[in-house]
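The sequence shown maps to residues 1 to 190 in our numbering. Backbone N, C-alpha and C define an ideal beta-carbon position, used for all residues, glycine too.
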Amino acid sequence: MSDVHTDLAGRTIILGVTGSIAAFKAADIISRLTEAGAKVYPVMTDGACRFIQPLTLQTLSRQPVSSDLWGEGEGWQPGHIELADQADLLLVAPATAHCIAQFANGLAPDLLTSIHLATPAPVMIAPAMNGKMLAHAATQANIETLRQRGYHFIEPDSGMLACGYEGDGKLASVERIVETVIGFFQNQSS
Ligand SMILES: Cc1cc2nc3c(=O)[nH]c(=O)nc-3n(C[C@H](O)[C@H](O)[C@H](O)COP(=O)(O)O)c2cc1C
């Protein structure tokens, strides 16, 4: 059994949080990753900020929360480039259909999508959406495009969705997300 408090020691993770009803689960994901020793920098889309307060993620991560591409820090280097360079992993959980589409098409209208294009770090995506959004040909094609590029997906669960439907598209459990991240780094160093 590994020591949960050091599994992610020395790892820097950017946690992208997007505008899904499951955005509140990012708080728990941050707590668990931080407990495991990771330094977690939350980056929220405008949509995510409608579902959960940046202050919550800031307090749990003990790091500043970024959401504004245009409100960059004071250094000479744009903040998103600096953050993108520091990361060992870009994890997006929950990831909306919209975010996945932007990633697949290389769009960069906000901070998270700009970091996505600027980072050399591997990208791990935990989708969360209504089952019909997930099954849509456009979403499936976008996921396939990203898989072909070597992106890692944490498959959503099946179950009762917040939209009232039962089916696929429920954000993977926090436990499974954290285990996948830990396993990813263990594989890298073995
Ligand atoms: C109440 C509510 C819940 C939503 N939940 C989801 C969701 O779970 N997954 C998803 O892909 N989109 C969801 N959406 C739609 C996204 O918020 C919308 O597509 C938005 O443009 C996503 O922007 P972002 O990816 O930049 O955060 C939801 C919208 C509302 C109003």
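For residue i, which residues from the same chain have a beta carbon less than 6 Å from its beta carbon, with the 5 sequence-adjacent residues on both sides left out?
{"i": "G159", "result": "K170"}
{"i": "G10", "result": "none"}
{"i": "T12", "result": "K39, Q86, A87, D88"}
{"i": "S20", "result": "P94, T96, A128"}
{"i": "G183", "result": "none"}
{"i": "L91", "result": "I13, L15, M124"}
{"i": "Q102", "result": "T113"}
Can you tell me which of the three DSSP states residue i falls into?
{"i": "G183", "result": "helix"}
{"i": "S20", "result": "coil"}
{"i": "S190", "result": "coil"}
{"i": "H152", "result": "strand"}
{"i": "S114", "result": "helix"}
{"i": "A137", "result": "helix"}
{"i": "S31", "result": "helix"}
{"i": "S66", "result": "strand"}
{"i": "A108", "result": "coil"}
{"i": "A95", "result": "strand"}
{"i": "A84", "result": "helix"}
{"i": "Q58", "result": "helix"}
{"i": "T145", "result": "helix"}
{"i": "A48", "result": "helix"}
{"i": "A36", "result": "coil"}
{"i": "A26", "result": "helix"}
Under the DSSP definition of a beta bridge, which residues are partnered with residue i?
{"i": "I14", "result": "Y41, L90"}
{"i": "G159", "result": "G167"}
{"i": "V123", "result": "L90"}
Who are the near neighbours of residue i in its chain, counting only those whose CB is closer than 7 Å to its CB and skipping five residues on each side?
{"i": "L55", "result": "none"}
{"i": "A23", "result": "V17, A48, F51, I52, P94"}
{"i": "Y151", "result": "V123, I125"}
{"i": "F185", "result": "L8, R11"}
{"i": "T6", "result": "G37"}
{"i": "N187", "result": "none"}
Using a threshold of 8 Å, state whether the C-beta atoms of residue i and residue j are closer than that.
{"i": "N130", "j": "C99", "result": "no"}
{"i": "I29", "j": "A93", "result": "yes"}
{"i": "T145", "j": "A104", "result": "yes"}
{"i": "L69", "j": "A121", "result": "no"}
{"i": "V43", "j": "L15", "result": "yes"}
{"i": "L33", "j": "V181", "result": "yes"}
{"i": "I81", "j": "A108", "result": "no"}
{"i": "S66", "j": "T45", "result": "no"}
{"i": "I177", "j": "F153", "result": "no"}
{"i": "A172", "j": "D157", "result": "yes"}
{"i": "L134", "j": "D168", "result": "yes"}
{"i": "Y41", "j": "Q63", "result": "yes"}
Would a check of beta-carbon distances place residue i closer than 8 Å to chain B?
{"i": "A97", "result": "No chain B is part of this structure, which consists of one protein chain only."}
Using a Cβ-Cβ cutoff of less than 8 Å, which residues in the same chain neighbour residue i once the five nearest sequence positions on both sides are dropped?
{"i": "H136", "result": "A97"}
{"i": "G106", "result": "L117"}
Closer than 5 Å: residues whose CB approaches a heavy atom of ligand 1:
T18, G19, S20, I21, T45, G47, T96, A97, H98, C99, A128, M129
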